[in-house]
Amino acid sequence: MAEAGKNGQRRILEATGMTKRFSGLVAVDSLDFYIPEGAIASIIGPNGAGKTTFFNCITGFYQIDEGAILFEGARISGKTPDLITRAGISRTFQNIRLFNNMSAIENIMVGQEPHLRSSWIGAILGLPSTRREDDGCEDRARELLHFVGLEGKGDMLSKNLSYGDQRRLEIARALANRPKLVLLDEPTAGMNPRETIETTDFIRRLRDELGITVVLIEHDMRVVMEISEHITVLDYGRKIAEGLPRDIQTNLKVIEAYLGSGAAQSNTVTKPGI
Amino acid sequence: MNILASEASRRILRLGLLSGGFILFAGVIGMIAAFHEREVVDDFISLGQVLLLAAPFVTSYMAATQMLETGESPRMALAGGLVIGVLCALPTVILLLFNSDDYRYLLDTSLKLIPFVAASYLAWKSHAQGNETRQVAATWLIAALLIGIVSFGFALIFEVKGDLRGVLVNVDRDWVEVVTFDHRRELWTGIGLLLAASAGAGLAGVVMRILPDIPRRALLYGLGITLLVGAFGETVRLILQENLDRDTLREIFRRDTLRQNAAAMLFIISTLAGFLWAMFGGRAQSEFAALDDSRRQQVRNLGMLLFAALLLALPWLIGRTLSDVAVTIGIFVLMGLGLNIAIGLAGLLDLGYVTNYAVGAYILAVLTSIGPLGLFKGTFTFWMVIPIALLAAMFAGFIFAVPVLRMRGDYLAIATLGFGEIIGKLALSDWLKPLIGGAQGVQNIPKPFLFSTELKNPEQLYYIVLVASLVTLFVSIRLNNSRTGRQWMAIREDEDVATAIGIDTARAKLLAFTLSAATGGVAGAIFAAKVGTVFPNSFTVFISINVLSLIIVGGIASNPGIVVGAVVLIGMPELLREFSDFRFLMYGALLILMMINRPQGFIPSKLVMHEVHAGVKPKVSAGD
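These protein sequences, in sequence, are chains B and D. The first sequence begins at 77 in my numbering and counts up by one. The second sequence begins at 441 in my numbering and counts up by one.
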């Protein structure tokens, strides 16, 4: 169904009345939001605003208590994480969660799981179709390794990669699923300015070259303002603002949430890197 | 320098007393006397005496290594070795004195003195810490009272019983014979011998450490091989019996023990061989490493070929008795490979593996038995039932896996442990008695036939186990390098993320449990055909624990490790009857030692080696 958004864009992800409670604590409070298809969108908000919970609800890690989440018009709330991933949503984690004792290439190969068909019997018998799929799987993994700039490091155990490389590898694993939507949880966390710029460019390439809709949680306001086309601001589990970066920058509620009510007088978010 | 010396001497004291305590313990539980039954070299040294001397030898070797590393002089190390040797014997000497009729009063006196000495020591410590006189006095009084009560209790027990034997049943004539080197009547000569031998072993350990690398390695090889051949004399004789004539055999062995001449020859030959290996082994290895890939592969293939030939010819090389042991080891290798699919590949700690073993065994028993409980009285043959047993075990594995799919780690282990117990109880139950015979079990299971030959000897059954193990090995290697294997790895590493990237974890885990169960079922069926009778008693939790232990000792997820683990944990107690009495004690000790010194197992898989040695990477904070 995919209704038209404000700019005539289709909405790839949409939620209505999404609520998640943890025994009394309301982490996400009847949230309505949408992500335009083909956009680079950001979720921002102070610490504890419910951003990661929001991601966990979308990807099925948490079951929401009320409301509905639609992906490409089909309901995904209530489904298990593997089914949601199969529908075309991939994610990365705030604290990198690679399969540490698997090589980089194996991490990407196992990430292609939703597109693999071969069975264990085929593997035991060494059927040609299984071999073909395995080879294809490895070729595609090498391509992705190249795409994220890790060529030549495929056989290293992922835990032996540098921090920045691990972040890239996690993104490569997320891409292995050929997602339509990828959720990146603080992709530039812990990076130096140069790595941050590289990552920002890289996120653009995801959208421009692969046509993937990107949603990021990000604390670095420079990154957010530079690449986002759509921003949703959360505070205490509620949406307090939504729109284009320039609207958010001047939104009083946002400034209040970040800097306290006194700062709202100054009228702009001047301090980067909150 | 002074501090260093005192620290080193304290370490020596600690190591020596620890080792001495071990010898005392081994004596008190009857291990030394039991091991004495086995002569290592005829009329020269027994396994019990080896145990007695190995402790100071190994301890002082270790202590010397540490001392030399911290820059102590060799002379100091020698002195340390001497002290360790004496300390190793000391607790045993004291027990010997307490045990003898002439010096029993020593025990009484010391039991009475202990409260005073101990209390005074504590009071002195309290004083040294700067406490007031009143507190020191109170400490003394309370300690004297408390320790006195315990000590008095012991004194009372010994007085009532008359001697130590009443309390420590293994402190008997046999034990005294061993530790005094057969001088039970002349106690002081015996004690002197014990002290001298122990001190000598301690010194020898240090000397061995001080020797240059090459002769040391050569001597250690020689000593190790001679002791091993001597200890397993019976086994070695059985192997040689197949290939040598009687007279030659008689020159080497007196019954099952190595003769002195033969032992000396063996020692010289193996030392020489060790010397050659120490001299040129490194060069051979580096030359092998320098070969180009295809050549290296050729050498490896040749090695594999030789190994395959050895495996094929094994029963004819080792004879009937040992083939029987080989079949038992093989059944456990098979189970190890199967359980490794769940534990090593998918990371599912399954403690109820005996379930599948029992299912396989009972299915074969009931379907093929020609006894009263046989359902078909010989219509079904072994080969027809093997696939049925496999499927039945898979089904059982599947059924038991369903309720535990959502469990992880410790919870999974406990739940599966429970399932293992359930199977044992079911086998014993009245409910199933009409079908599987309760405590009597199922009897009269015929041996398998190959065409018209009955495979009744262990030499023949060996090939069934070999083929089954090779098939399992093949399957598990194929799976490990496949999509399924990667799914399992992902689940083992991080189950949440595995779900998040789209793996149907429930399905993958079910498959791991089911395939692992299939192997257990085949192992059970072969076991049933081998022994011909199936009792509930054969299917206790110890089967599960044995299989788990052999995987851990050999190295988790390492296929060669499983074979080594099975040979050590299953084969050794079968070959050395003296061991089997202390089987679980030695399992426990071995597992603890392995966990401390070599947690990755004897032959670690590459993966686990990384895991153990890499240590914990500092967690990078998420930058907020």
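The beta carbon of each residue, even a glycine, is placed where N, CA and C say it ideally should be. Note that this is a predicted model, so its numbers are computed, not measured.
Annotation: alanine 150/B has no Cβ neighbours in chain D at a cutoff of 8 Å; minimum Cβ distance is about 17 Å.
If the five residues before and after valine 905/D are omitted, its C-beta is found closer than 7 Å to the C-beta atoms of Val767, Gly770, Ile771, Leu774 and Ile966, all from its own chain and listed in chain order.
Taken in chain order, the members of the region 168-198 of chain B whose beta-carbon sits within less than 7 Å of a beta-carbon on chain D are Gln170, Asn171, Arg173, Phe175, Asn176, Asn177, Met178, Glu182, Met185, Val186, Gly187, Glu189, Pro190, Leu192, Ser194 and Trp196. Note that the C-beta distance between isoleucine 172/B and arginine 270/B is not below 9 Å. Where alanine 180/B is concerned, the enclosing alpha helix (DSSP H) starts and stops at 180-187. Along the region 240-254 of chain B, the positions whose C-beta sits under 7 Å from a C-beta of chain D are Arg249 and Asn253, read in chain order.
Each of Ser1020/D, Gly800/D and Ala952/D was checked against the Cα of valine 962/D, and the nearest Cα belongs to Gly800/D. Per DSSP, reduced to three states, the secondary structure at leucine 260/B is strand.
As far as DSSP is concerned, leucine 174/B takes part in no beta bridge. Not a single C-beta of chain D is nearer than 9 Å to the C-beta of arginine 218/B. Taking a beta-carbon distance threshold of 9 Å, serine 166/B counts as an interface residue toward chain D. Residues of the region 778-805 of chain D that bring their beta carbon within less than 8 Å of a beta carbon in chain B are absent altogether. In chain order, Ile463, Ala466, Gly488, Leu491, Leu492, Trp615, Val618 and Val619 place their CB closer than 8 Å to the CB of isoleucine 472/D, counting only its own chain and leaving out the 5 sequence neighbours on each side. For the options Ile650/D, Leu643/D, Gly525/D and Arg544/D, the alpha carbon positioned closest to that of glycine 511/D is the one of Ile650/D.
Here serine 166/B is buried: its Cβ has 16 or more other Cβ atoms, across all protein chains shown, within 10 Å. Residue-level contact check: aspartate 210/B touches chain D, since one or more beta carbons of chain D fall below 9 Å from its beta carbon. Across the structure, proline 122/B and alanine 333/B are spaced so that their CA atoms are roughly 7 Å apart. Contact between aspartate 482/D and arginine 699/D is confirmed by a C-beta separation of about 5 Å, below the 8 Å threshold. For the C-beta of aspartate 934/D, the chain B residues within less than 7 Å are, from N- to C-terminus, Arg173 and Phe175.
Chain D places a beta carbon closer than 9 Å to that of arginine 162/B, counting this residue as a contact. Counting only runs of 4+ residues, the alpha helix (DSSP H) found wholly inside the region 696-734 of chain D occupies 700-730, in chain order. Contact between the region 819-826 of chain D and the region 884-894 of chain D is present, with at least three C-beta pairs closer than 8 Å. Look at glycine 645/D here: in three-state DSSP terms it is helix.
Cβ-Cβ separation between glycine 818/D and valine 806/D: approximately 12 Å, too far for a contact (criterion under 8 Å). Sequence-distant partners of arginine 760/D (beyond 5 residues in either direction) whose C-beta falls short of 7 Å from its own C-beta, in its chain, are Asn897, Pro898 and Glu899.
Contact of alanine 833/D with chain B by beta-carbon distance below 8 Å is absent, the smallest such distance being about 17 Å. For lysine 552/D and glycine 642/D, the gap between their C-alpha atoms comes out near 33 Å. Considering only His567/D, Leu866/D, Ile485/D and Thr924/D, the residue with the shortest C-alpha distance to serine 195/B is Thr924/D. Unbroken beta strand (DSSP E) runs of no fewer than 3 residues, entirely contained in the region 281-324 of chain B, are found at 289-293, 306-311 and 314-319, following chain order.
Taking a cut-off of 8 Å for Cβ pairs, the region 216-235 of chain B and the region 124-136 of chain B do not touch, as fewer than three such pairs fall below it. Apart from sequence neighbours up to five positions away, the residues of its chain that approach threonine 795/D with a beta-carbon distance below 7 Å are Ala836, Phe840, Phe859, Gly860 and Ile863, ordered along the chain. Under the three-state reduction of DSSP output, aspartate 614/D falls in the helix class. Chain order gives no chain B residues near alanine 641/D, where near means a beta carbon separation below 8 Å; the closest approach is about 43 Å. Annotated three-state conformation of arginine 86/B is strand, per DSSP. In this structure, methionine 929/D places its C-beta atom within 9 Å of the C-beta atom of glutamate 182/B.
When C-alpha distances from asparagine 999/D are compared across Val557/D, Thr688/D and Ser1045/D, the shortest belongs to Ser1045/D.
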